[in-house]
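S.K.:
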Amino acid sequence: MVVQVANSIYETQTTEIAKHLLDATRQKRSFFAQMRDHIRWDDKLLAWAMSNPGLRVQLFRFIDALPALGSKTEVARHLQEYLGDESVELPAALKNLLNFANPDSMPGQLAASTVSTAVETLANKYIAGATIKQAIKTIERLRKDKMAFTLDLLGEAVITEAEAQSYLERYLDLMEQLTQEAKNWSTVSEIDQADGEELSRVQVSVKLTAFYSQFDPLDPEGSKKQVCDRIRILLRRAKELGAAVHFDMEQYVYKDMTLGILKELLMEDEFRDRTDLGITLQAYLQDSKRDLKDIITWAKERGNPLTVRLVKGAYWDQETIKSLQNHWQQPVYNQKSATDANFEEMTQLLLENHQYLYAAIGSHNVRSQAKAIAIAEQLNIPRRNFEMQVLYGMGDQLAKALVQRGHRVRVYAPYGELLPGMAYLIRRLLENTANSSFLRQSLEERPVEELIAPPVVDEEPVGAGFTDNVIAKTDNLTKPAPSPIPHPQFPNAPDTDYAQAEAREKAQNALETVRQQLGKTYYPFINGDYQPTTETVDSVNPANPSEIIGKVGLLSIEQAETALNAAKAAFPGWRRTPVKQRADILRQAAKLMEGRREELSAWICLEVGKALREADAEVSEAIDFCRYYGDEMERLEGGYIYDVAGETNRYVYQPRGIAVVISPWNFPLAIATGMTVAALVAGNCTLLKPAETSSVIAAKLAEILVAAGIPQGVFQYVPGKGSQVGAYMVKHPDTHLIAFTGSQEVGCRIYADAAIVQPGQTHLKRVIAEMGGKNAIIVDESADLDQAVAGVVKSAFGYSGQKCSACSRVIVLDPIHDTVVERLIEATRSLNIGAAELASTQVGPVIDDTARNRIQDYIEKGRQEAEIAVECEVPETGYFVSPTIFTNVSPDAKIAQEEIFGPVVAVIRVKDFQDALAVANGTKYALTGGLYSRTPSHIDQASTEFEVGNLYINRTITGAIVSRQPFGGFKLSGVGSKAGGPDYLLQFLEPRTITENIQRQGFAPIEGVD
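Per our numbering, residue 217 is the first one in the sequence shown, and the count goes up by one each step.
#1: So within the segment 429-485, which uninterrupted beta strand (DSSP E) runs reach at least 3 residues, ignoring any that extend past its ends?
#2: Tell me, please, which residues DSSP counts as bridged to Pro1207.
#3: Taking 7 Å as the limit between beta carbons, can you name the residues of its chain near Lys722, skipping five residues before and five after?
#4: Quick check: the Cα distance between Thr1209 and Thr1066, rounded to an integer number of angstroms?
#5: Give the C-beta separation of Ser772 and Thr737 to the nearest angstrom, bearing in mind that I take them to be a contact with Cβ-Cβ under 8 Å.
#6: Please report the straight-line C-alpha distance between Gln274 and Ala833, rounded to a whole angstrom.
#7: For Lys689, which residues of its own chain have a beta-carbon under 8 Å away from its beta-carbon, when the five flanking residues on both sides are left out?
#8: Measuring only the C-alpha atoms, how far is Trp532 from Glu837?
#9: Taking the continuous alpha helix (DSSP H) assigned at Arg965, which residues delimit it?
#10: Are the beta-carbon atoms of Gln585 and Leu614 separated by less than 8 Å?
#11: Once the 5 residues before and after Thr330 are set aside, which same chain residues still bring their CB inside 8 Å of it?
#12: By DSSP's criteria, Arg525 is part of a beta bridge. Which residues make up the other side?
#13: Per DSSP, what are the beta-bridge partners of Cys1023 in this structure?
#14: With a threshold of 8 Å between beta-carbons, can Ser1016 be considered close to chain D, or not?
#15: Starting from Thr1144, trace the beta strand (DSSP E) both ways and give me its first and last residue.
#16: Using only CA atoms, which one of Gly1014, Arg843, Val934, Ile1027 lies nearest to Gln747?
#17: Within its chain, find whatever has a CB closer than 8 Å to the CB of Lys1315; leave out the 5 residues flanking it on each side and keep chain order.
#18: Can you give me the Cβ contacts of Met473 inside the same chain, cut-off strictly under 6 Å, excluding the 5 residues immediately before and after it?
#19: May I have the straight-line CA-CA distance separating Thr1139 from Lys990, to the nearest angstrom?
#20: From the DSSP output, in three-state form, read off Pro630 for me.
#21: So what does DSSP say about Pro1152, is it helix, strand or coil?
#22: Beta carbon of Tyr608, beta carbon of Leu370: below 8 Å?
#23: Rounding to the nearest angstrom, what Cα-Cα distance links Glu377 and Ser504 in this structure?
#24: Can you name, in chain order, every residue of its own chain whose Cβ lies under 6 Å from the Cβ of Glu1163, other than the five neighbours on each side?
#25: Which of the three DSSP states, helix, strand or coil, is assigned to Cys842?
#26: In three-state DSSP terms, what is Pro935?
#27: Specify the secondary structure class of Asn312 as computed by DSSP and reduced to three states.
#28: Give the straight-line distance between the Cα atoms of Gln928 and Leu770, rounded to the nearest whole angstrom.
#29: Let me know the secondary structure DSSP gives Met809 once reduced to three states.
#30: DSSP state of Ser504, grouped into three classes?
#31: Is Val1037 closer than 8 Å to Val1227 when the C-beta atoms are compared?
#32: From which residue to which residue does the beta strand (DSSP E) around Tyr1168 run?
#33: Would you say the segment 574-583 touches the segment 592-611, given that touching needs at least three Cβ pairs under 8 Å?
#34: Within the segment 1074-1132, note down every full alpha helix (DSSP H) run reaching 4 residues or more, in order along the chain.
#35: Taking only the alpha-carbon atoms, compute the straight-line gap between Glu1161 and Pro1152 and give it to the nearest angstrom.
#36: Quick check: the Cα distance between Lys552 and Thr491, rounded to an integer number of angstroms?
Right under this line is the structure:
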């Protein structure tokens, strides 16, 4: 079904105005101007990008990396790496330019200079200047053309509180300089006055997230306080200077919080009468019209109008990809025409409420602007209440045509250095070269009737398909990759989206509910019954050790023997249970977990001190393990057929027997679930012995598995001391396999003990052990440092570094070492440290007093081996350790070689990338590793030479997702196949080959022969 959007009241006038504007923007250009465009490399690059999608991807990736490249030789080398591959079809002129043997040769230097200059020229088209002095010249030129401005300060991503404070101070300085300069500007009545009112000559646009480095929807109150403290300073100074302030809208995750903060702040007595302020709405969001209606209601209550800047939206690719990766509902319209239609509807709604809200219509689409003009003229809207806006360098001819019609036009003009402005530039290039772009279609001389027709919207499911401007390819395009084995995409459980107020409320309610259940006793579950014990241990909240989460009954040796005998008795029946029935029990367990998601997250948060967002992700992982291993066992059930004429050959699997699962405290639900359900669905009877400090959560898992229908004796919950009960079960002759996650010391002991054949034992035991790592992230000179610093901090200090995948070494190439360290220190100082249940917390406690003492011992060793760069204050109550960074660390130092399992990071300086790989590989571990780089050859080399089980490129190194990133390492990081991957269940199974001679007296059917 196709829906054509039009409005008979305004449509005729819209069409007439659009034709006039389009004609004005298509004025004939001089022969010399056309010749100049034909010669200029910046125009050539854009033309090539529009005509060649493959080149476009690589070209924009090169442009993204360009500002980080420190020499012409590096520029030339990257040019060849990005554009020189055979898979990229190059225009003849570009092919000739890249035809050099060495990057440091004269032709290489010429190519670097030519392309660098072209990109700089491109940047200058869209960025008003690198300095305030240059920006003022641009502003004065705009004013000469009767155009107003709003200035946006480009900058690095704000990831530290020092950067947030600097952002405020730079805007205060910017307003000071602009208003001082404005005193010298002659009055331009078209933009400085309206309906007898003097308008602010200076306007700045700001982003709320830049006022607080830890801006987070999960912590709306804490974020609001920090942001508002700085915004009030800005608004007060703006009033004193006579400057207007407009608030930009950013990614969808921040939308509701941004609107909530501004609506509350601008109702304060001090700001309620201000009419020189504005907010932004993005029409590509499906709920944007609802937001506009809410703002109209709010504005009526406020009593004084402010401006709503209506734009289409600039983060379509990012929003779409994020929603697909997280399995969340797509917030943006999938069709460009749907956005255009919504934009027109919102324009009409906004203008029809002009007495409550001023309208700023931001678009380069001639029809969109024409529709706004038609409505404004029909309603006779006062000039003060209505203006048109364009981006600097885009729609210049449209802006001039609008001025000629007598409308107030404001140009959104970003200024700043090229490096921090690169993200902005790439967005503009994407917009200009996308097939759906009005500017591109206009340049292609599409028919007038097509360009100004009402938007046509095809009805389709949300999220079905992509527009052509999604770049979802790898950086590593320098070599053709072998074709991967096709595998259907597994539908992972979506994490909770805490940008939704309802989700935050459920989480808080669950914490309150769980707190009312603290202090209960949890006994072992043996052969279908809970069995009392003579000894119990308290499991406590590591953020507040006086708070007892639960009392756990510790299994005795005698009870362990009973449990093993029960498993042995149950095994024959369980192994014969159909695979589908076993898999369905796992799916039911997953369903029960999803229903108890908030409760389980709360238990994790309180018992092991894991912050709420990470606890929620762990619940998702546990759900995924249940569903994925159920699917996998059904896939393996059929085995393989290798028949030949006269003979059948079957390769099938059978369960091993009794499995002992020894799970860790750091992922008390996810890892315990993964190892347990893998053993169960494979047909093994399973005993789960959790870590003592997380036995309450394991008890909750036991409740879920029993409720899902696991038969008596097949699964048993056996909490106890690892050194006693754990060791007993590992050595027991009836144990067939041990699945363990924990320290290298314990894992190696289990491996050794399991290798000893006990009296009466008739098999060799299988050991699956994941034993940690000394994980490194390499940051090279081409890296996006905003991304790298934020990724290192999250990888190192998330859950206080208590993940086997956590980053504990940062290997930084010499040219950028000092810059990275400086930002890393400030980003770490900006983290909030506190109890895990607090919404503001990024770094919680470590698990217990033993862990705290061990980590602090390593910090003391570090003081002797290196220089301590940062320590932070921590709460006095609880097992807290400061996030700690050491610099000038030798690759052979203890803090660079031994697993600390806490929030301690060693920064190691290296001279080049080869040295970086050697240092990264120079430990006995090989679990996870990371690389931040925009150099294709470095990415390619790391992919083959970085010795880790999980390599992450340009992202954090924690948070592996089932099926998507199967997890596990080698060397002394463990033994066995990757959890959450297609080989994992094979470890819990014995393969068998069954061959039958089907000939009878020399006769057997032969396929295909009558």
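Using N, Cα and C, we set each Cβ at its ideal position, and we do this for glycine too.
M.R.: This is what the structure holds:
#1: Listed in chain order, the complete beta strand (DSSP E) runs (minimum 3 residues) inside the segment 429-485 are 460-463.
#2: DSSP output for Pro1207 lists Tyr869 as bridge partner(s).
#3: Counting only Cβ-Cβ distances below 7 Å, and skipping sequence neighbours, we find Glu814.
#4: In a straight line, the C-alpha of Thr1209 is about 50 Å away from that of Thr1066.
#5: About 16 Å separates the Cβ atoms of Ser772 and Thr737, ruling out a contact at the 8 Å cut-off.
#6: For Gln274 and Ala833, the distance between alpha carbons rounds to 34 Å.
#7: Residue placement at Lys689 is flagged as unreliable, the pLDDT there being 36, under the threshold of 50; a coordinate-derived value is accordingly withheld.
#8: Each residue's Cα considered, the two are about 28 Å apart.
#9: It spans 960-971 - the alpha helix (DSSP H) in which Arg965 sits, taken as one unbroken run.
#10: Result yes, Cβ atoms of Gln585 and Leu614 sit closer than 8 Å.
#11: The residues are Trp257, Leu313.
#12: Answer is Thr496, Ala576.
#13: Looking at the DSSP output, Cys1023 sits in a beta bridge with Asn991.
#14: Going by chain labels, chain D is absent from the structure shown, which holds only one protein chain.
#15: Per DSSP, Thr1144 belongs to the beta strand (DSSP E) from 1144-1148.
#16: The shortest CA-to-CA distance from Gln747 to any of Gly1014, Arg843, Val934, Ile1027 is the one to Val934.
#17: An answer regarding residue 1315 cannot be provided, because it is not within the stretch 217 to 1226 covered by the chain.
#18: So the list reads Pro433, Pro436, once near-sequence residues are dropped.
#19: CA-to-CA, the gap between Thr1139 and Lys990 works out to about 7 Å.
#20: In the structure shown, the three-state DSSP call for Pro630 is strand.
#21: It is helical.
#22: No, Cβ-Cβ distance for Tyr608 and Leu370 is not below 8 Å.
#23: Pairing Glu377 with Ser504, the inter-Cα distance amounts to about 31 Å.
#24: Sequence-distant Cβ neighbours of Glu1163 in its own chain, meaning closer than 6 Å and more than five residues away, are Asn1137, Ala1142.
#25: If DSSP states are grouped into helix, strand and coil, Cys842 belongs with the helices.
#26: Here Pro935 sits in coil by DSSP.
#27: Secondary structure of Asn312 (DSSP, three-state): helix.
#28: Linking Gln928 to Leu770 through their CA atoms gives a straight-line distance of about 20 Å.
#29: Correct three-state label for Met809: helix.
#30: In the three-state reduction of the DSSP assignment, Ser504 falls in the helix class.
#31: As shown, the chain starts at 217 and ends at 1226. That puts residue 1227 outside it, with no answer to give.
#32: Under the DSSP assignment, Tyr1168 falls in the beta strand (DSSP E) whose first and last residues are 1166-1169.
#33: The segment 574-583 and the segment 592-611 touch, with no fewer than 3 CB-CB distances between them shorter than 8 Å.
#34: Runs of the alpha helix (DSSP H) inside the segment 1074-1132: 1110-1113.
#35: Roughly 14 Å separates the two Cα atoms.
#36: Each residue's Cα considered, the two are about 33 Å apart.
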